[in-house]
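One structure below.
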Amino acid sequence: MQIALIHPQIPPNTGNIARLCVATETPLHLVHPLGFSTDAAQLRRAGLDYWKYLKLEEHSDWRTFLEHFAGRRMFFYTKKATKPYTAVEYREEDFLVFGSETEGLPREIHERFADRLLTIPMWGPTRSLNLATSAGIVLYEALRQVKGAFL
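Each residue of the sequence shown is one higher than the one before, counting from -5 in our numbering.
Right under this line is the structure:
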């Protein structure tokens, strides 16, 4: 299982996801452009002293990222999808891909991978869930399926 963030904008969100990745031994991919520097104090603070354990890979842009991992199974999370994130059977080699907090996933990804767009259902009057919250929800469901109920 691997998490990819395409164009993340808010350092604390990325820092919290990095901490989640360390806790679950999940590699993290950051796809540029980013809305911050990876040495930003806020980013490091959110990840606390766990950065040395993070398996981090950075990519120049999302097209390069997709080409580099062509053939790998990827799921893309967006509020615009109709299929829930629980409707798939995750595999250990899957990529869980999230867009930026402000723009979501690029339109071309929506068009190219329409069959792999998934959503986290929301019932209340909110526009979206926090990026770090979404990554945690999806990652733990995927790990539950792959590693079992007690991980």
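C-beta atoms are modelled at their ideal positions from N, C-alpha and C, and glycine is treated no differently.
Could you tell me which of I11, L(-1) and D43 sits nearest to L24, measuring between CA atoms? L(-1)
Tell me which residue opens and which closes the alpha helix (DSSP H) that A17 is part of. P5 to T18
Under 6 Å Cβ to Cβ from K49, same chain only, skipping five residues before and after it: list those, please. P21
To the nearest angstrom, how far is the alpha carbon of H147 from that of T18? Given that the chain is displayed from residue -5 to residue 145, the structure contains no residue 147 and the question cannot be resolved.
Quick one: Cα of I114 to Cα of H62, how far? 27 Å
Whole beta strand (DSSP E) elements within the stretch 73 to 111, 3-residue minimum: The qualifying runs are 89 to 92.
Proximal residues to I11 (C-beta, below 6 Å), its chain only, five neighbours per side dropped: A126 and A129
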